[in-house]
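Last residue of the sequence shown? That's 400 in the numbering used here, and every number before it is there in order.
Glycine included, C-beta positions come from ideal geometry on N, C-alpha and C.
Predicted, not measured: the structure shown is a model, and the values here were computed from it.
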Amino acid sequence: MIELSNVSKTYGSGAKAVHALKNVHLAIPKGAIHGVIGLSGAGKSTLIRCVNLLERPTEGSVVVDGRDITRLGAAELNRARHRIGMIFQHFNLLTTRTVFDNVALPLELAGERKAAIKRRVAPLLDMVGLADKAGMYPAQLSGGQKQRVAIARALASDPQVLLCDEATSALDPQTTSAILELLRDINVKLGITILLITHEMEVVKSICHRVSLISNGELVEDADVGDFFTAP
Ligand code: ADP
Ligand code: ADP
Numbered sequence: 169m170i171e172l173s174n175v176s177k178t179y180g181s182g183a184k185a186v187h188a189l190k191n192v193h194l195a196i197p198k199g200a201i202h203g204v205i206g207l208s209g210a211g212k213s214t215l216i217r218c219v220n221l222l223e224r225p226t227e228g229s230v231v232v233d234g235r236d237i238t239r240l241g242a243a244e245l246n247r248a249r250h251r252i253g254m255i256f257q258h259f260n261l262l263t264t265r266t267v268f269d270n271v272a273l274p275l276e277l278a279g280e281r282k283a284a285i286k287r288r289v290a291p292l293l294d295m296v297g298l299a300d301k302a303g304m305y306p307a308q309l310s311g312g313q314k315q316r317v318a319i320a321r322a323l324a325s326d327p328q329v330l331l332c333d334e335a336t337s338a339l340d341p342q343t344t345s346a347i348l349e350l351l352r353d354i355n356v357k358l359g360i361t362i363l364l365i366t367h368e369m370e371v372v373k374s375i376c377h378r379v380s381l382i383s384n385g386e387l388v389e390d391a392d393v394g395d396f397f398t399a400p
């Protein structure tokens, strides 16, 4: 479903070059929840941002659902991106839009009609447990509620893949558990493949099937979560 081959990313050049990713290979099957764990600066953000080309790899290919997205033209890439949802540590909601209008945004951008948008947004808000908050603004919500809005927004365009960039790092442990449970639910019920990056072992332990360890831009381990945590 997601396949990175020989992916390298260098920021800058010459003496100032930072080799954020070095020859990364990673294959994630459809329906998996895969975690990438590593210290700050290891390359996690760069890695996950290469999967939807928020960053363009310097080298290598990124195949999502059978297509190498590094080779797509602008229009095709836009369409491909619609099938890749993403959520962030700081939620990235639009503060001047209500909960409903935040979730509706990707559908509006795709040119959907008002009636179709209503039909789509209501069940999404229901799924994330915010049916009664549709008219509120982000500032009126807790962190966990904000992340639920962001999840609903990410699901609006019916993605096959959900990328989670430190999605629970700004949340307290109890809220983290609830959000992870929601992500597990989405994986099981909708069959969405999830790639998440985190610096927290607990996140990996609680929902990932497999985990990769990244260190200095290199993937140094790739294991089933059970094996990873029982290894000597
Ligand atoms: P992590 O997410 O694991 O903290 P990052 O992918 O953010 O790691 O960063 C990996 C390395 O690349 C770090 O040395 C970081 O400073 C550097 N880096 C990240 N983004 C940029 C950028 N836009 N320009 C230059 N260097 C960057
Ligand atoms: P995160 O919360 O994902 O770790 P960071 O604070 O590391 O975020 O990075 C925020 C933004 O700054 C990202 O877009 C990243 O690419 C960029 N960035 C990170 N490190 C550098 C750097 N050394 N030089 C320039 N940009 C950077």
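### Task
Answer yes or no: the CB of G209 versus the heavy atoms of ligand 1, is any distance below 7 Å?
Along the sequence shown, read from residue 1 onward, the residue named residue 209 stands at position 41. Under cutoff, so the answer is yes.
Q) Looking at C-alpha atoms only, which residue of T238, E334, A200 is the closest neighbour of E227? A) Residue numbering aside, residue 227 sits at position 59 when the sequence shown is read from its first letter. By alpha-carbon distance to E227, the top candidate from T238, E334, A200 is T238.
Worksheet item: What span of residues does the beta strand (DSSP E) with L363 cover, start to end?
Response: As a position in the sequence shown, residue 363 is number 195, starting the count at 1. For L363, the enclosing beta strand (DSSP E) has its first and last residue at 361-366.
For L261, which residues of its own chain have a beta-carbon under 7 Å away from its beta-carbon, when the five flanking residues on both sides are left out? As a position in the sequence shown, residue 261 is number 93, starting the count at 1. Answer for L261: N270, P306, K314, V317, A318, listed in chain order.
Checklist entry - Who pairs with M254 in a beta bridge, going by DSSP? => result Your numbering for residue 254 matches position 86 in the sequence shown. For M254, the pairing in a beta bridge is given by DSSP as L331.
Identify which residue in D390, I382, C376 has its Cα closest to the Cα of G199.
In the sequence shown, counting from the first residue as 1, residue 199 sits at position 31. The option with the nearest alpha carbon to G199 is C376.
Can you determine whether any heavy atom of ligand 1 sits closer than 7 Å to the C-beta of G206, and answer yes or no? Taking the first residue of the sequence shown as 1, we reach residue 206 at position 38. Flag set: Cβ of G206 near ligand 1.
Q) Run through DSSP, which three-state label would L222 get? A) In the sequence shown, the residue the question calls residue 222 occupies position 54. Of the three classes helix, strand and coil, the one that applies to L222 here is coil, per DSSP.
Residues in the same chain with beta-carbon distance under 6 Å from L406, minus the five sequence neighbours each way, listed in chain order, please.
Absent from the model: residue 406. The displayed extent of the chain is 169 to 400, so no value can be given.
(Q) At the level of alpha carbons, what is the spacing between M304 and C218? (A) The residue labelled residue 304 in the question sits at position 136 within the sequence shown. The residue labelled residue 218 in the question sits at position 50 within the sequence shown. One C-alpha to the other measures close to 33 Å.
For this session: Return no unless some Cβ of chain C is closer than 8 Å to the Cβ of H367.
Result: Absent from the structure is chain C; it holds one protein chain and no more.
**Report entry** Identity of the residue in G312, A324, F259 nearest G279 by Cα
**Finding:** Translated into positions along the sequence shown, residue 279 becomes position 111. Check the Cα spacing between G279 and each of G312, A324, F259: the tightest is with A324.
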